[in-house]
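Visitor: Please see the structure below; I have some questions.
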Amino acid sequence: MTAVTRLFRTRTGQERLLGFATMSVLLFGALFILIPFFWMISTSLKKAGDVYIAPPQWIPVEPQWENYVTAVTRLNYGVHASNTAIIVFFVMIGTLFSSSFAAYGFSRLRAPGRDTIFMILLGTMMLPGAVTLVPTYLMFNSIGWVNTFLPMIVPAFFGNAFYVFLMRQFYITIPKELEESAMMDGATVYHIWWFIMVPLSGSILATISVFTFVATYNDFFTPLIYISDESKRTIAVALTYFQGSPRIGPQMHLLMSAVTMSIVPPIVLFIVAQRYFVRGIVMTGIKG
Amino acid sequence: MANASVTLPKANKKGWRDRREAVNAYVFMSPVIIGLLVFTLGPIIVSLFLSFTNYNLLNDPKWIGVDNYVKMYGERLFWQSLRVSAIYSIVSVPLGMTIALFLAILLNRKMRGIYTLRSIYYLPTVISGVGVAMLWRWIFNGQYGVINTLLRNIGIKGPNWLLDENYALIALIITSVWGVGGTMLIFLAGLQGIPVEINEAAEIDGAGKWAQFRYITLPMISHVTFFNLVLGIIGALQVFTDAYVITGGGPNNATLFISVYLYRHAFQFLNFGYAAALAWVLFLIVMVLTLFVFRSSPLWVFYESERQGK
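Here it is as structure tokens:
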């Protein structure tokens, strides 16, 4: 008892107690985050007959690794994965190019109306996507782009407000001396952008890349409304057809195998490129 | 005159250089300018026009005045969708922000394993999407789901979450709390921007932990809170994937978010005019709320530069 009261009394004791309490709360919260993942993997390795039993087996007695093979075949996972990869690849190219290119104009070159355009651009970040949805759909429909990847890919080549903003803030921090000396040697602004600014922006481009990857990979709504052929569906859309389809039925273990596979790429990217995620968020918070 | 003839060529040369710079600037900005016109401003105007028409892809848009808006006013499901989105936003935004701030404070200390913990909390935000929504469907399963299994272990009989209209929306709010990691990290960045000296000085002056939190931490991160609040409101009013995948708007329209209602009208019933009107109403709601938050900000948002100015 006295040991406990001493723990409360002394300053270091209080600190230690506080540290202990903090850690307990954080670990409990982490459990709340991680249990769904555990449950997902656990279900994905069960036999069909062991899925719908109560109380459930937390750890499958005989892990069924072949569930993953079955899920890949039944879902045509390879086709959907390659569709997703194509879209993500081109969206990343388009976003990186257009954001860094436009940001150079917004940060370094003077022109009448430049700052007004920039303010309008920032304003569109608060615009609900629903407002432009119907006309955009009708526009793509009228030029025959529905049921192709183009409605997902092409807009990426026309700048993303938030990334233009991030790039611009970054360019502003680059000293002008480099450009001035290049200008003396007769370089045009286009050379300067490509040979000086772009090579210097590796880390910010990496930040934009990881966010673009995650957003495009996880995007559900755009492919949902534009893609109708099964062979053109992305992973996100294909998953929603998996469980309801009469061909497959409610085979939760296979669905969970597919879901597990679907979240591997963003998780791997997150583990590998964690500092770029954090940097992007820190920049967001500070600028806000 | 002599003076003018000397300065004129110079001015011309400068003007020419300025003009060339401006042309280059527009070339660089051109993707954004075209994008704004074609994918944002143009569609906004067209959608306003469509909202006054009847259009289903088969016939040309037919002008019907404010009929779509009148119809909306009398539509029970429209009010239901407003109600669902409002309840969801009013509960999930403050709840999520409070939990995110609480976690950020706990995670803002030097401890072994703290980086791993931060990563774990952030993890859900990188995989938000259909896969996770599918997973939540299974977690909330009334009979075999993990939540009710855990509840049963402590002697509580859990509800049939997704099939019970009193619980379906609560389930979606719980799902949203799972993804507070992004908000948490933004708060954490704000907390780390507070100079340690301020808290140390306050402690020497005898301020307790709560007083430090109330009078130092909260004001010092108020610009971050503001940012999270604006983003939170805009995000909550546009939730689609979770509602579409986890509950499909049901049961009995208990989770019929505005976005789901709009999706049905646009892409299932092909009522493009009505959908455009709905989008405009949503747009106005978001605008009014955002403006309100911006207008109220001088009352509670504290900026560093302001303090230095005074």
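Read top to bottom, the protein sequences are chains P and L. Heads up: the first sequence runs through residues 18 to 305, numbered per the numbering used here. Heads up: the second sequence runs through residues 1030 to 1339, numbered per the numbering used here. A virtual CB, placed ideally from N, CA and C, is assigned to each residue, including glycine.
(1) Applying the criterion that 16 or more other CB atoms from any shown protein chain within 10 Å of the CB defines a buried residue, is S220 (chain P) buried or exposed?
(2) Let me confirm a value: S59 (chain P) is counted as buried when at least 16 other C-beta atoms fall within 10 Å, else exposed. Which label applies?
(3) To be precise: take each residue of the segment 107-129 of chain P, compare its Cβ to all Cβ atoms of chain L, and keep it if any distance is under 7 Å. Which residues remain?
(4) Whose CA, out of L:P1090, L:I1134 and L:A1218, lies closest to the CA of S1080 (chain L)?
(5) Is W1045 (chain L) buried or exposed, if buried means 16 or more other CB atoms sit within 10 Å of its CB?
(6) Please determine if the segment 101-118 of chain P and the segment 231-241 of chain P are in contact, where contact requires at least 3 C-beta pairs separated by less than 8 Å.
(7) Closer than 7 Å by C-beta to V277 (chain P): which residues in its own chain qualify, once you throw out the five before and the five after it? Chain order, please.
(8) Going by DSSP, name the residue or residues bridged to N1083 (chain L).
(9) Distance cutoff 7 Å, beta carbons only. Does G1235 (chain L) sit that close to anything in chain P?
(10) With a Cβ-Cβ cutoff of 7 Å, do T149 (chain P) and P1072 (chain L) count as a contact?
(11) Would you check if the segment 1282-1296 of chain L and the segment 1260-1274 of chain L touch, i.e. whether three or more CB-CB distances between them fall below 8 Å?
(12) Evaluate the contact criterion for the segment 1202-1215 of chain L versus the segment 1121-1139 of chain L: three or more CB pairs, one atom per stretch, below 8 Å.
(13) I want to verify the contact list: residues of chain L whose CB lies under 8 Å from the CB of V42 (chain P), in sequence order.
(14) Three-state secondary structure (DSSP) at E83 (chain P)?
(15) Check Q1221 (chain L) in the structure and name its three-state DSSP category.
(16) Runs of 3 residues minimum, wholly inside the segment 24-97 of chain P: which ones carry the beta strand (DSSP E) assignment?
(17) In three-state DSSP terms, what is L1130 (chain L)?
(18) State the Cα-Cα distance for the pair R125 (chain P) and M201 (chain P), rounded to the nearest angstrom.
(19) Hey, does N1053 (chain L) have any beta-carbon neighbour from chain P nearer than 7 Å?
(20) Tell me, please, whether the CB atom of I1275 (chain L) is closer than 7 Å to any CB atom in chain P?
(21) Less than 7 Å between C-beta atoms, sequence neighbours within five positions excluded: which residues of the same chain meet that for T1154 (chain L)?
(22) I want to verify the contact list: residues of chain L whose CB lies under 8 Å from the CB of Q291 (chain P), in sequence order.
(23) Using 8 Å as the cut-off, can you tell me whether the segment 1157-1172 of chain L makes contact with the segment 1247-1259 of chain L, which would need three or more C-beta pairs spanning the two stretches below that distance?
(24) Return the Cβ separation of A88 (chain P) and A275 (chain P) in integer angstroms, given the expectation that the two are a contact with Cβ distance under 8 Å.
(25) Reducing DSSP to helix, strand and coil, say where A128 (chain P) ends up.
Guide: The structure says:
(1) Residue numbering aside, residue 220 (chain P) sits at position 203 when the first sequence is read from its first letter. Result: exposed.
(2) One-based indexing of the first sequence puts residue 59 (chain P) at position 42. The residue is buried, with at least 16 neighbouring Cβ atoms inside 10 Å.
(3) Taking 7 Å as the upper bound on Cβ-Cβ separation, chain L lies near residues S115, F118, A119, Y121, G122, F123, L126, R127, A128 and P129 of the segment 107-129 of chain P.
(4) Within the second sequence, numbered from 1, the residue matching residue 1080 (chain L) stands at position 51. Comparing Cα positions, the closest option is L:P1090.
(5) Position 16 of the second sequence holds residue 1045 (chain L). By the neighbour-count rule (16 or more Cβ atoms within 10 Å), W1045 (chain L) is not buried but exposed.
(6) Three or more beta-carbon pairs drawn from the segment 101-118 of chain P and the segment 231-241 of chain P are found closer than 8 Å, and the two stretches are therefore classed as touching.
(7) To locate residue 277 (chain P), count along the first sequence from 1; it is residue 260. Contrary to the premise, residue 277 (chain P) reads as Thr rather than Val in this sequence. Excluding positions up to five away in sequence, the list reads M57, I58 and S61.
(8) The count along the second sequence starts at 1 and reaches residue 1083 (chain L) at position 54. Bridge partners of N1083 (chain L): L:K1091.
(9) Counting from 1 along the second sequence, the entry for residue 1235 (chain L) is found at position 206. No, because no Cβ of chain P sits closer than 7 Å to the Cβ of G1235 (chain L).
(10) In the first sequence, residue 149 (chain P) corresponds to position 132, counting from 1. In the second sequence, residue 1072 (chain L) corresponds to position 43, counting from 1. Cβ atoms of T149 (chain P) and P1072 (chain L): closer than 7 Å.
(11) Output reads yes: the segment 1282-1296 of chain L touches the segment 1260-1274 of chain L.
(12) Short answer: they touch.
(13) Taking the first residue of the first sequence as position 1, residue 42 (chain P) is located at position 25. Residues of chain L passing the Cβ test: L1135.
(14) Position 66 of the first sequence holds residue 83 (chain P). Note: E83 (chain P) maps to helix in three-state DSSP.
(15) If you number the second sequence from 1, residue 1221 (chain L) lands on position 192. Helix at Q1221 (chain L).
(16) Listed in chain order, nothing qualifies, since the segment 24-97 of chain P has no complete beta strand (DSSP E) run of 3 or more residues.
(17) The count along the second sequence starts at 1 and reaches residue 1130 (chain L) at position 101. Reduced to three states, the DSSP call for L1130 (chain L) is helix.
(18) Stepping through the first sequence from its first residue, residue 125 (chain P) is reached at position 108. Stepping through the first sequence from its first residue, residue 201 (chain P) is reached at position 184. C-alpha separation (whole angstroms): 16 Å.
(19) Numbered from its first residue, the second sequence carries residue 1053 (chain L) at position 24. N1053 (chain L) counts as touching chain P.
(20) Translated into the one-based positions of the second sequence, residue 1275 (chain L) becomes position 246. No, I1275 (chain L) lies away from the interface with chain P (no Cβ there is under 7 Å from its Cβ).
(21) Along the second sequence, one-based indexing puts residue 1154 (chain L) at 125. So the qualifying residues of the chain are G1208, G1210 and G1211.
(22) Reading the first sequence from its first residue, position 274 is the one you call residue 291 (chain P). Listed along chain L are S1148, each with a C-beta nearer than 8 Å to that of Q291 (chain P).
(23) These segments do not touch.
(24) Start at 1 with the first residue of the first sequence, and residue 88 (chain P) comes out as number 71. Start at 1 with the first residue of the first sequence, and residue 275 (chain P) comes out as number 258. The pair is a contact, with the Cβ atoms about 5 Å apart (cut-off 8 Å).
(25) Here residue 128 (chain P) is taken as the residue at index 111 of the first sequence, counted from 1. DSSP, reduced to helix, strand and coil, places A128 (chain P) outside both helices and strands of the structure shown, so it counts as coil.
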